[in-house]
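Trainee:
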Amino acid sequence: MRLDNMLLAEGVSGPEKGGGSAAAAAAAAASGGVGADNSAEHSDYRAKLSQIRQIYHTELEKYEQVSKHACNEFTTHVMNLLREQSRTRPISPKEIERMVGIIHRKFSSIQMQLKQSTCEAVMILRSRFLDARRKRRNFNKQATEILNEYFYSHLSNPYPSEEAKEELAKKCSITVSQVSNWFGNKRIRYKKNIGKFQEEANMYAARTAVNAASVSAHGSQANSPSTPNSAGGYPSPCYQPDRRIQ
DNA sequence: CGACATGATTGTCT
DNA sequence: AGACAATCATGTCG
1 MRLDNMLLAE GVSGPEKGGG SAAAAAAAAA SGGVGADNSA EHSDYRAKLS QIRQIYHTEL
61 EKYEQVSKHA CNEFTTHVMN LLREQSRTRP ISPKEIERMV GIIHRKFSSI QMQLKQSTCE
121 AVMILRSRFL DARRKRRNFN KQATEILNEY FYSHLSNPYP SEEAKEELAK KCSITVSQVS
181 NWFGNKRIRY KKNIGKFQEE ANMYAARTAV NAASVSAHGS QANSPSTPNS AGGYPSPCYQ
241 PDRRIQ
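Numbering of the first sequence is given in the numbering used here, commencing with residue 1 and proceeding in unit increments.
Structure representation (structure tokens):
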């Protein structure tokens with residue numbers, strides 16, 4: 001039932017060789033939500049998954065070879081016993097049926113157990129490998145610069161549209177949902193402690209001001225590579241104190 | 001190693 | 001659906 005579905009979705013109980021990794025990748029992409037699939041890291045995951053798969057299949061095969069036999073043997077054994085008893089007391093066919101049913105259920109519960117334990121193994125594997133929190137990497141400097149630049153130059157309304165997010169994502173070579181995460185975190189953390197971000201705000205404000213100036217001055221002249229820092233003190237950072245972020 | 005920074009997830013609200 | 005708030009898990013710096 002449910003276990004079957006999950007194992008199938010996970011590519012464990014699916015078709016043998018080729019489809020396995022594809023199904024696993026599909027499952028990962030589908031439920032992972034946030035893509036970020038480095039195939040190098042996924043290969044490890046896939047290797048472990050196929051290991052589980054192999055164990056599952058060999059166990060299942062063992063079960064099917066052995067237990068079918070055993071089940072039939074056991075059933076006939078019980079039948080014989082019942083037949084013997086039927087000499088001394090009447091035994092209804094209903095009772096025999098019930099016994100057989102019990103035996104079959106008992107044996108199929110073994111299969112269930114196998115499936116369940118396999119499921120568990122897969123779940124553990126997934127939580128280990130697919131939980132992005134466990135392998136978080138900071139964005140590179142350029143990406144954070146781009147994001148910060150957008151944030152501080154739209155400080156009065158730091159809610160990029162879907163299009164803007166896509167563009168930022170492309171520029172930073174991250175996903176759109178990563179951009180959304182970044183802005184979510186940034187907004188809340190900025191709001192929570194504006195003082196801590198003052199310096200950063202000033203810096204980016206100054207930088208964009210310089211950029212705008214140099215662009216509007218149509219000069220390919222004078223781009224200051226390192227610190228276009230506002231000389232001296234703290235010119236007004238041009239952020240609106242409240243507004244929007246609530 | 002501890003403290004803080006940071007990206008991601010989860011739950012709740014609207 | 002998207003925003004916010006709290007929280008988790010890892011990265012990084014002193």
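No residue lacks a Cβ here, since even glycine has one placed at the ideal position from N, Cα and C. None of the values given here were measured: they were computed from a predicted structure.
(1) So which of M203, Y45, V179 and T208 has the shortest CA-CA distance to V122?
(2) Note down the Cα distance separating R89 from I102, rounded to an integer number of angstroms.
(3) Looking only at its chain, what residues have a beta carbon closer than 7 Å to the beta carbon of F253, apart from the 5 residues adjacent to it on each side?
(4) Ignore the nearest five residues each way along the sequence and tell me which others in T75's own chain have a CB closer than 7 Å to its CB.
(5) Specify, as a first and last residue, the run of the alpha helix (DSSP H) that V66 falls within.
(6) Count the CB pairs spanning the segment 137-150 and the segment 198-213 that are closer than 8 Å, and state whether there are at least three.
(7) Applying the 10 Å Cβ sphere with the 16-neighbour rule, what's the burial state of K141?
(8) Grab the span of the alpha helix (DSSP H) containing N185 for me, first residue to last.
(9) Do you know how far the Cα of M112 is from the Cα of E73?
(10) Which of the three DSSP states is assigned to F139 in this structure?
(11) Helix, strand or coil for P93, going by three-state DSSP, please let me know.
(12) So which of L125, K191, L49 and C119 has the shortest CA-CA distance to Y152?
(13) Secondary structure at M1, three-state DSSP: helix, strand or coil?
Mentor: Answer, in terms of the structure:
(1) Answer by Cα proximity: Y45.
(2) So the two alpha carbons sit approximately 21 Å from each other.
(3) Past the edges of the chain, shown from 1 to 246, lies residue 253, and the structure says nothing about it.
(4) Hits under 7 Å: V100 and I103.
(5) Premise fails: V66 is in no alpha helix (DSSP H) and is neither H nor E.
(6) Yes, they touch.
(7) By the neighbour-count rule (16 or more Cβ atoms within 10 Å), K141 is not buried but exposed.
(8) Where N185 is concerned, the enclosing alpha helix (DSSP H) stretches over V176 to K192.
(9) So the two alpha carbons sit approximately 21 Å from each other.
(10) F139 falls in the coil class under three-state DSSP.
(11) Residue state, collapsed to three classes: helix.
(12) For the residues L125, K191, L49 and C119, the minimum Cα distance to Y152 belongs to K191.
(13) M1: coil per DSSP, three-state reduction.
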